[in-house]
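Residue numbers (my numbering), protein chains in the order written: chain Y, 1 to 368; chain W, 369 to 714.
1) Taking Cβ positions only, does residue 490 (chain W) come closer than 8 Å to chain Y?
2) Taking DSSP as the reference, what is the three-state secondary structure of residue 617 (chain W)?
3) How many Å lie between residue 428 (chain W) and residue 589 (chain W) at the Cα?
4) Mind pulling the chain Y residues with CB within less than 8 Å of residue 482 (chain W)?
5) Use the C-beta contact count for residue 699 (chain W): other C-beta atoms within 10 angstroms, 16 or more gives buried, fewer gives exposed.
6) Report the partner residues of residue 289 (chain Y) according to the DSSP bridge assignment.
7) Counting only Cβ-Cβ distances shorter than 8 Å, please list the residues of the stretch 500-515 of chain W near chain Y, keeping chain order.
8) What does the alpha-carbon distance come out to for the pair residue 687 (chain W) and residue 402 (chain W)?
9) With a Cβ-Cβ cutoff of 8 Å, do residue 425 (chain W) and residue 409 (chain W) count as a contact?
10) Give, in chain order, every unbroken run of the beta strand (DSSP E) that is at least 3 residues long and sits entirely within the stretch 615-691 of chain W.
11) Got a sec: is the Cβ-Cβ distance from residue 214 (chain Y) to anything in chain W below 8 Å?
12) Would residue 203 (chain Y) count as contacting chain W if we go by Cβ distances under 8 Å?
13) In terms of residues, what are the limits of the alpha helix (DSSP H) holding residue 5 (chain Y)?
14) Is it buried or exposed for residue 663 (chain W), if we count other Cβ within 10 angstroms and need 16 for buried?
15) Would you check if there are 3 or more beta carbon pairs closer than 8 Å linking the stretch 96-115 of chain Y to the stretch 152-167 of chain Y?
16) Assuming residue 614 (chain W) and residue 709 (chain W) form a contact by the criterion Cβ under 8 Å, report the distance between their Cβ atoms to the nearest whole angstrom.
17) How should residue 124 (chain Y) be labelled, buried or exposed, when 16 other C-beta atoms within 10 angstroms of its C-beta is the threshold for buried?
18) So residue 320 (chain Y) and residue 348 (chain Y) are supposed to be a Cβ contact under 8 Å. How far apart are they, rounded?
19) May I have the straight-line CA-CA distance separating residue 498 (chain W) from residue 595 (chain W), to the nearest angstrom?
20) So the alpha helix (DSSP H) residue 579 (chain W) belongs to, where does it begin and stop?
21) With a threshold of 8 Å between beta carbons, is residue 708 (chain W) in contact with chain Y?
22) Given this structure, state the Cα-to-Cα distance separating residue 135 (chain Y) from residue 174 (chain Y), to the nearest angstrom.
23) Given that residue 367 (chain Y) touches chain W, what residues does it touch there, using C-beta distances under 7 Å?
24) Of all the CB atoms in chain Y, is at least one closer than 8 Å to the CB of residue 477 (chain W)?
25) Under three-state DSSP, which class holds residue 78 (chain Y)?
26) Work out the CA separation of residue 244 (chain Y) and residue 171 (chain Y) for me, nearest whole Å.
27) To the nearest angstrom, report how far apart residue 494 (chain W) and residue 524 (chain W) are at their CA atoms.
28) Are the stretch 667-674 of chain W and the stretch 620-629 of chain W touching by the rule of at least three beta carbon pairs closer than 8 Å?
29) Check the Cβ-Cβ distances between residue 463 (chain W) and every residue of chain Y, and say whether any is below 8 Å.
30) Can you give me the Cβ contacts of residue 95 (chain Y) inside the same chain, cut-off strictly under 7 Å, excluding the 5 residues immediately before and after it?
31) In the DSSP output, which residue or residues are listed as bridge partners for residue 95 (chain Y)?
32) For residue 469 (chain W), which of helix, strand or coil comes out of DSSP?
33) Whose Cβ in chain Y lies nearer than 9 Å to the Cβ of residue 555 (chain W)?
34) Please tell me whether residue 563 (chain W) has its Cβ less than 8 Å away from any Cβ of chain Y.
35) Using a Cβ-Cβ cut-off of 6 Å (strictly less than) and excluding sequence neighbours within five positions of residue 655 (chain W), which residues of its own chain qualify?
36) Inspect the beta-carbon positions of residue 264 (chain Y) and residue 352 (chain Y) and report whether they are closer than 8 Å.
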């Protein structure tokens with residue numbers, strides 16, 4: 001056996017293409033660094049929760065609040081004076097949940113009455129409901145143990161409510177993420193190969209020799225891939241709704257239009273990748289490289305509040321995926337309309353225009 | 369006459385005949401006939417530290433079959449790409465008709481049919497689909513597209529491959545498809561980069577017949593090749609080497625230029641040969657002994673024009689009482705001329 005010639009040749013070839021090498025060797029390092037920058041560090045980050053303590057003079061209410069916020073990951077961002085105000089904060093998306101301690105909470109405990117704490121969560125948010133209810137459950141346990149030492153056994157219950165209808169099913173919870181992945185990675189990768197393939201196969205020379213403008217090339221390709229991906233998207237949504245009984249609370253038309261906008265954004269991004277890549281391998285590598293931050297920092301694996309501010313502002317808020325997930329969840333799970341998610345639409349629209357314009361400007365209509 | 373045929377072409381395409389029209393209009397008819405199909409003036413192309421094309425100038429007349437000849441890496445493809453507007457010259461001017469390349473690329477591209485060196489149509493489309501795509505891109509009116517494609521398929525013997533994927537065709541068939549597709553918009557100038565490289569002699573011959581046919585129809589053709597024998601088919605040619613043009617003219621002019629004349633081969637009986645024989649004949653510029661075989665010797669004589677001077681040489685020899693066994697002009701190949709011009713180092 002003589003492995004050496006092949007080993008030497010492969011290593012030489014790998015080193016010869018610096019960009020691919022960067023992609024293959026440096027990517028894991030860069031991803032790890034990004035990950036550390038986003039989620040590392042000692043300072044704790046938390047999702048905002050609203051608290052309405054209607055028993056402000058009571059013995060036990062503040063004790064309970066202390067216990068609740070000992071759980072890392074949530075913080076009492078707002079103290080309000082009524083249940084309505086707290087729920088309103090959740091509805092507006094400023095808090096992920098509200099904890100309401102009713103009037104006469106401490107007195108009722110002393111009197112041995114049946115006592116409850118109300119938790120109102122935003123069921124459309126993927127991680128927060130579980131986190132908040134768990135912290136409240138744990139806190140209630142500690143409080144009951146502490147009270148039991150002097151007063152004997154008491155029972156405090158937790159009443160859970162959601163702001164938008166009943167709690168969502170697992171399938172409904174995952175659908176936005178699944179749609180996000182399908183409408184982002186697949187079209188982006190597909191279209192990122194399109195111009196590189198022409199360059200690699202030599203068909204580009206003949207094409208740009210024809211009286212064709214950069215608008216014709218980019219626009220034509222985008223339109224074709226949009227049609228194909230739209231069909232794909234409608235099929236995916238149809239399966240989710242018809243086969244898996246996913247309930248779309250907002251208008252279906254709005255959901256489709258919003259998804260189509262995101263699709264255009266993904267395709268424009270892929271087009272830009274194709275324009276700046278030398279060959280298909282580079283394009284593929286770049287697409288995957290761009291996809292990783294979307295996966296890490298756009299709210300798929302954790303609430304974005306857990307991401308350090310520098311990374312959140314520089315990466316999360318520049319990712320189409322972040323805006324898509326927000327908008328899609330709002331329309332599908334909260335029953336919002338396009339008008340309610342105009343900010344997300346604006347962000348996606350702006351990004352689409354930027355990527356598209358860059359692709360147009362950077363497309364080389366010459367050889368060499 | 370050539371101009372009127374390109375005008376007709378333009379009209380047939382449903383476009384204005386911009387080829388022969390003066391942009392400023394005030395120059396009158398005389399200016400029109402002076403328009404060259406291609407005009408390069410002091411054109412240089414540099415890629416980083418490599419000079420691919422070094423200060424070349426030449427012109428191609430309308431209706432001419434012009435050859436760009438030279439070994440690999442002589443700068444032929446770079447020159448062609450600059451003419452097509454695919455590369456911008458580092459310095460100098462490239463003009464196609466009245467238009468400056470690459471500035472007027474969008475106008476010029478409608479006038480040019482370009483066949484790149486490597487097959488550059490879509491292998492995953494059929495023969496017909498490729499031609500349909502390019503006829504649409506070039507804006508061939510919808511009503512004539514189909515008919516024109518069918519005519520070209522027929523002319524280039526492609527009808528049987530009509531619905532085959534281009535990727536499945538053999539090398540020679542691909543070349544025919546490339547040429548047919550380049551003609552789909554009736555260009556008045558056809559540029560072919562090494563159209564015959566690596567194909568069999570029969571097909572090469574067929575291709576050159578086609579080029580001549582197109583020329584006879586009034587099309588201007590610029591063809592590059594590194595086959596010296598093919599260049600004999602060209603009316604005029606430019607010989608390139610290392611980015612420079614080392615000879616320019618008709619094949620005969622180039623050969624003459626290379627050898628500083630033409631050659632006559634003469635075989636004589638040595639016993640009849642006086643000393644200083646060839647020097648005494650005025651039209652003989654130089655001579656060399658080719659071979660000596662017993663009492664016979666064969667010489668090569670350098671004269672200005674072989675056919676014209678043959679009789680004079682014969683008379684001169686006979687005047688000296690020399691017995692001439694054979695005499696004929698030598699056919700010099702372009703390859704000989706090229707080697708002579710480059711000192712044997714291509």
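Using N, Cα and C, we set each Cβ at its ideal position, and we do this for glycine too.
Please read these numbers as outputs of a predicted model, since none were measured by experiment.
Well, looking at it:
1) yes
2) strand
3) 9 Å
4) 206, 209
5) exposed
6) Answer is none; residue 289 (chain Y) lacks a bridge partner.
7) 502, 505, 506, 507
8) 51 Å
9) yes
10) 630-637, 654-661, 664-671
11) no
12) yes
13) 4-16
14) exposed
15) yes
16) 5 Å
17) buried
18) 6 Å
19) 29 Å
20) 569-584
21) no
22) 23 Å
23) 449, 454, 455
24) yes
25) strand
26) 8 Å
27) 16 Å
28) yes
29) no
30) 48, 49, 50, 77, 78, 89
31) Beta-bridge pairing links residue 95 (chain Y) to no other residue.
32) strand
33) Within 9 Å Cβ-Cβ: nothing; residue 555 (chain W) doesn't reach chain Y, min ~11 Å.
34) no
35) 646, 667, 669
36) yes
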